[in-house]
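Asker:
Numbering (our numbering), first residue to last: 172 to 622.
1) Pick from 581, 413, 514, 461: whose alpha carbon is nearest that of residue 634?
2) Along the chain, where does the beta strand (DSSP E) containing residue 543 start, and where does it finish?
3) Along the chain, where does the beta strand (DSSP E) containing residue 456 start, and where does it finish?
4) How far does the alpha helix (DSSP H) with residue 490 in it extend, from its first residue to its last?
5) For the alpha helix (DSSP H) containing residue 199, list its first residue and its last residue.
6) Report yes or no: do the segment 426-436 and the segment 374-381 share at least 3 C-beta pairs separated by less than 8 Å?
7) Using a Cβ distance threshold of 8 Å, determine whether the segment 214-225 contacts the segment 474-487, with at least three qualifying pairs required.
8) Rank 382, 346, 281 by C-alpha distance to the C-alpha of residue 525 and give the top, closest one.
9) On the three-state DSSP scale, how would you describe residue 365?
10) Counting only runs of 3+ residues fully inside the segment 389-430, write out the beta strand (DSSP E) ranges in chain order.
11) Any idea what DSSP makes of residue 618, helix, strand or coil?
12) Among the residues of its own chain, which have a CB less than 6 Å from the CB of residue 554, if the five just before and after it don't count?
13) Taking the alpha-carbon of residue 410 as reference, which of 358, 369, 434 has the nearest alpha-carbon?
14) My output table needs one value for residue 245: the three-state DSSP class, helix, strand or coil.
15) By Cβ distance below 7 Å, which residues in the same chain neighbour residue 330 in space, the five residues on each side in sequence not counted?
16) Helix, strand or coil: how does DSSP classify residue 440 here?
17) Does the Cβ-Cβ distance between residue 180 and residue 280 come in under 7 Å?
18) Just to confirm before moving on: does the CB-CB distance between residue 222 and residue 384 stay below 7 Å?
19) Hey, residue 267 and residue 228: beta-carbon distance below 7 Å or not?
20) Can you look up residue 606 in the DSSP assignment and give me helix, strand or coil?
21) Rounded to whole angstroms, how far is the Cβ of residue 418 from the Cβ of residue 513, which I believe are closer than 8 Å?
22) What three-state label does DSSP hand residue 531 in the structure shown?
23) Between which two residues does the beta strand (DSSP E) holding residue 351 run?
24) If I measure Cβ to Cβ from residue 498 and keep anything under 6 Å in the same chain, skipping five residues before and after, which residues do I get?
25) Cα separation between residue 340 and residue 572?
26) Roughly how many whole angstroms lie between the Cα atoms of residue 542 and residue 601?
27) Hey, residue 370 and residue 348: beta-carbon distance below 7 Å or not?
28) When the distance is taken between beta carbons, is residue 450 closer than 7 Å to residue 472?
29) Could you check if residue 211 is buried or exposed, using at least 16 other CB atoms within 10 Å of its CB as the buried criterion?
30) Do you know whose CA, among 353, 309, 332, 230, lies nearest residue 272's CA?
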């Protein structure tokens, strides 16, 4: 991670951390780095989620891009994976998404896709950061007819829906599904896509007002979906986050289906059809031990990376694997997409359900998860840095790992997208892992937060 770019772009409270001034610099720096050698007038796509600050940041970002001669094509509200797909379809030089994904509405972010549709590698983001830190010195500001123009594109929504429909290639007739769109970017797409695939759908979280994105809805608040599914007698529930790059679900009994479970089901289906390249799924160190053991029993290898879908994707591309993702619901299906795509994932999962002839609870029960405790400790940038450098704390955490005596594991990490230190303890004894997590959190509070 760099000074500005985290594991998923630049992110912070809009107007405080992520200011208009910073957005303009990002626009200028990105245009200079990504299009400096193209030899033509660059074209940049911009999409966004439904946050109130999106318009403000788009205006600043657009000003930065146009000031160095780039044309901007504004796509309006679209999911992050839609922008990644449309960059290639429209032969644009880059695509930029203004979104803070699953974060509360006061946050926003800027993530950038190259002309290939893939997120920028660390070294390219570092080049942009150099320009930001130097107030974009060395970048030629255009005048007259060389200043970039702004265009509005309204065909992106339908083009993306068509792409998903063709990629899913399934018949969902007979399924009765409750879908939570988090009052975010997935709403318009989902209402076109899933009925077209044949499913009977009831939608939640489809009335964005700029302030209610992820508020009590979506993949970070599954309790409302789970209740609706049970009370409404639905076959299952699907939930997206604010920018629809992740998908979680629940079965007809209201039991959660996390990213691990979805990856396991899709990987098994791909293996049966001879489409699981390398018989491998790429996941992160957060994946549940129950998932790992089940995959081994089915003859499927698991490659583990650091937390962050960018690291999963890097491994997939380097080694030629077709599926990967995170417990949090980012699932990458590389045969169809260049990034995590919640609605593509949901479509594939529902297709699997329709073709199986089983209840979703049967699919959800393919393996038992090990108990897992996750505690988030609020920490600012300085406190995160102090945690990383605290050798005494590192030794304490290692000692807690040893106390589990091989019957569990401890993972403590700094979040790349939020002001938090995440403490995860996993094991077969629920009481023991709760006590372990409490001791670690108490130690962090005392040494890092001074509490």
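Don't be surprised by glycine CBs; every beta carbon is placed ideally from N, CA and C.
Answerer: Taking the coordinates as given:
1) The chain is shown from 172 up to 622; residue 634 falls before or after that span and cannot be answered.
2) 543-549
3) Run containing residue 456: none; DSSP gives neither H nor E here.
4) 480-490
5) 191-206
6) no
7) no
8) 346
9) helix
10) 407-411, 418-422
11) helix
12) 619
13) 358
14) strand
15) 257, 260
16) helix
17) yes
18) yes
19) no
20) helix
21) 4 Å
22) helix
23) 347-351
24) 429, 430, 431, 457, 458
25) 46 Å
26) 6 Å
27) yes
28) yes
29) exposed
30) 353
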